[in-house]
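Undergrad: Before I ask anything, let me first share the structure, which is written out below as structure tokens.
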Amino acid sequence: MANVFDQKLNDFMAKIIAKNPSEMEFHQAVHEVAESLIPFIEENPKYRDAKILERMAEPERVIIFRVPWLDDKGEVQVNRGFRIEMNSAIGPYKGGLRFHPTVNLGILKFLAFEQVLKNSLTTLPMGGGKGGSDFDPKGKSDNEVMKFTQSFMSELFRHIGPDTDVPAGDIGVGGREIGFLFGQYKRLRNEFTGVLTGKGREWGGSLIRPEATGYGCTYFAEEMLKTRNDSLKGKVVTVSGSGNVAQYAVEKVTQLGGKVVTLSDSSGFIYDPKGIDADKLDYLMNLKNIKRGRIKEYADKYGCEFYEGKRPWMIKCDVALPCATQNEVNEEDAKMLVANGCYVVSEGANMPSTPGAIEVYLKAKILYGPGKAANAGGVAVSGLEMTQNSMRLSWTREEVDAKLHQIMRDIHETCVKYGKDADGFINYVNGANIGGFVKVADAMIAQGLV
Ligand code: NDP
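If you're matching positions, the sequence shown starts at -14 in the working numbering and goes up one per residue.
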């Protein structure tokens, strides 16, 4: 039977590759999902006959636009803007904006494709989308970032809206950028609506939204550990990245009794064997969010090791939380993690593990929570922000955190329901892919050929 599925997978992927040439990350994301789904679809022919997987791999709409702006020297700069409106079967398009020089169509399509299944897993009514630009906020003044974001929104505003498409942040798009984007949208539309999430608290944002992805990824790790009557208490944890997701993963792991010993950025990683406590985290947040400095400065301040150009997976740990970017854990890294005793990987980033790395985790039967399940807490609280905006009220910190926690438990349960193998091992990859697929697929069938 495996051969029949392999053949179908190869045929399906050949078409995807031919239709979307040079979009490597998109091929990778679709392949991972199709591998889980093809056997399931063959068992449930209504999905095969309606060509749901083929339709899901084709965006409903792709918008690409020019973003011209003036830098501080008075020179004209031109960037490219994108919005992928991937799937609206279960709600308005929803997903972040990424500002990073590596952004291209293939990367955003992979992220949008993942987002559809992730949003479905949250149980909230959100379709999937993603967008961004090849603009690099690093080294730019606040004024330059504002000019760029205003120009970006001057085109994007006509394609989005609170019932159509609701963007949020991602790499390079934090509170500052969301503020500028929201201001420009409001000015152009003359409307104060919940068109973006991740807004400031005073102007429509939700409590716990900044924390949500990092907290959620940690809650997911805790849920996975519970299946083995274990917890994060006393565990040594390696984290990559030092941005939004990484910062709040460190905070929650520490609150739950674990010890985080690494952080990274694109120049290397720091190893702090004593652990990154609340005071050190305060320093890091100031360094990264206000001073916009480099992670090496942490090593200088606390007298610990900085490994230039390296990633933290060589450090011995029980739990690894990749929270930086795609393909940051390769097969060799995964082998090193497993050989050093790591038995939990919960992904804060999107697709941080390569296919080779995932194979290593599954073969070793460790607890592996893929991004679309483990990092869904961010978009879940974005969904809660949309609800609060519609109701024109704000929930307390405790209320939102309790809802986030419950959503992460529910996502975990869905993964167990669809991912438990005959021997009891929970394959969270299959669980997340099939669990996310069913709701979207049924909605697409019900809505006809659209
Ligand atoms: P930030 O921009 O706040 O932080 C990104 C971090 O990752 C920085 O430390 C950055 O270092 C590092 N990084 C980025 N690109 C690379 C690279 N190519 N190589 C090495 N390090 C890199 O982004 P977020 O924390 O918001 O996002 C991190 C990940 O989490 C992404 O994969 C994102 O898609 C995912 N995610 C985010 C959500 C959110 O709510 N923000 C929700 C769900 C997933 P440097 O500053 O040097 O570039």
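We put the CB at the ideal spot given by N, CA and C, even for glycine.
Compare the Cα-Cα distances from Pro147 to each of Ser375, Val414, Glu384 and Val423 and report the closest residue.
TA: Within the sequence shown, residue 147 is the residue found at index 162, counting from 1. The residue with the shortest Cα to Cα distance from Pro147 is Ser375.
Undergrad: Which of the three DSSP states, helix, strand or coil, is assigned to Gln391?
TA: By 1-based counting over the sequence shown, the position of residue 391 is 406. Three-state DSSP puts Gln391 in a helix.
Undergrad: Which stretch, first to last residue, makes up the beta strand (DSSP E) that contains Glu70?
TA: Counting from 1 along the sequence shown, the entry for residue 70 is found at position 85. Element bounds for Glu70: Val61 to Asn72.
Undergrad: Less than 6 Å between the CB of Asn271 and some heavy atom of the ligand NDP, yes or no?
TA: Within the sequence shown, numbered from 1, the residue matching residue 271 stands at position 286. No; taking the cut-off as 6 Å, the Cβ of Asn271 has no heavy atom of the ligand NDP nearer than that.
Undergrad: For the alpha helix (DSSP H) containing Ile343, list its first residue and its last residue.
TA: As a position in the sequence shown, residue 343 is number 358, starting the count at 1. Pro340 to Ala349 is the extent of the alpha helix (DSSP H) around Ile343.
Undergrad: In angstroms, rounded to a whole number, what distance separates the CA positions of Lys348 and Leu141?
TA: Locating residue 348 in the sequence shown gives position 363, counting from the first residue. Locating residue 141 in the sequence shown gives position 156, counting from the first residue. Answer to the nearest angstrom: the Cα atoms are 44 Å apart.
Undergrad: So is the beta-carbon of Asp427 under 6 Å away from any non-hydrogen atom of the ligand NDP?
TA: Against the sequence shown, residue 427 aligns to sequence position 442. No, the beta carbon of Asp427 sits no closer than 6 Å to any heavy atom of the ligand NDP.
Undergrad: When the Cα atoms are used, what is the spatial distance from Leu55 to Met209?
TA: As a first step, residue 55 must be located in the sequence shown, where it is residue number 70. As a first step, residue 209 must be located in the sequence shown, where it is residue number 224. C-alpha separation (whole angstroms): 49 Å.
Undergrad: What whole-angstrom Cβ distance do Ser249 and Ala309 have, given they're in contact under 8 Å?
TA: Locating residue 249 in the sequence shown gives position 264, counting from the first residue. Locating residue 309 in the sequence shown gives position 324, counting from the first residue. Rounded, the Cβ-Cβ distance is 6 Å, consistent with contact.
Undergrad: When we look at the beta-carbon of Ala324 and count the other beta-carbons within 10 Å, is it buried (16 or more) or exposed?
TA: As a working note, residue 324 is residue 339 in the sequence shown. The residue in question, Ala324, is exposed, as its Cβ has fewer than 16 Cβ neighbours within 10 Å.
Undergrad: Ends of the beta strand (DSSP E) at Thr223?
TA: Position 238 of the sequence shown, counting from 1, holds the residue named residue 223. From DSSP, the beta strand (DSSP E) with Thr223 extends over Val221 to Val224.
Undergrad: Say yes only if the C-beta of Gly368 is nearer than 6 Å to one or more non-hydrogen atoms of the ligand NDP, and no if none qualify.
TA: Numbered from its first residue, the sequence shown carries residue 368 at position 383. No.
Undergrad: Would you call the segment 378 to 388 in contact with the segment 170 to 177, where contact means no fewer than 3 C-beta pairs closer than 8 Å?
TA: In short, these stretches do not touch, since the Cβ pair count stays below three.
Undergrad: Quick check on Leu38: buried or exposed, where buried means 16 or more other Cβ atoms within 10 Å of its Cβ?
TA: In the sequence shown, residue 38 corresponds to position 53, counting from 1. By the neighbour-count rule (16 or more Cβ atoms within 10 Å), Leu38 is buried.
Undergrad: Report the rounded CA-to-CA distance for Phe84 versus Ala407, giving the unit in angstroms.
TA: The sequence position of residue 84 within the sequence shown is 99, counting from 1. The sequence position of residue 407 within the sequence shown is 422, counting from 1. Approximately 43 Å between the Cα atoms of the pair.
Undergrad: Would you kindly report the start and end of the unbroken beta strand (DSSP E) that includes Arg51?
TA: Numbered from 1 along the sequence shown, position 66 holds the residue referred to as residue 51. Start and end: Arg46 to Leu55.
Undergrad: Return helix, strand or coil for Val208, following the three-state DSSP convention.
TA: Stepping through the sequence shown from its first residue, residue 208 is reached at position 223. Looking at the sequence itself, residue 208 is Glu, so the reference to Val does not match. In the structure shown, Glu208 sits in a helix (DSSP, three-state: H, G or I).
Undergrad: Report the partner residues of Gly113 according to the DSSP bridge assignment.
TA: Along the sequence shown, read from residue 1 onward, the residue named residue 113 stands at position 128. BP columns for Gly113 point to Asn72.
Undergrad: Residue range of the beta strand (DSSP E) that Pro152 falls in?
TA: Taking the sequence shown and counting its residues from 1, one reaches residue 152 at position 167. Pro152 -> beta strand (DSSP E) spans Asp150 to Ala153.
Undergrad: If you measure between the beta carbons of Asn467 and Leu96, is that distance less than 7 Å?
TA: Only positions -14 to 435 of the chain appear in the structure, and residue 467 is not among them; the question remains open.
Undergrad: Does the segment 201 to 218 come within contact of the segment 240 to 255, defined as at least 3 CB pairs closer than 8 Å?
TA: Yes: at least three Cβ pairs fall under 8 Å.
Undergrad: How about Leu444 and Glu282: are their beta carbons less than 7 Å apart?
TA: As shown, the chain starts at -14 and ends at 435. That puts residue 444 outside it, with no answer to give.
Undergrad: Please return the same chain residues whose Cβ sits closer than 6 Å to the Cβ of Gly294, not counting the five positions on each side in sequence.
TA: As a first step, residue 294 must be located in the sequence shown, where it is residue number 309. So the qualifying residues of the chain are Gly253.
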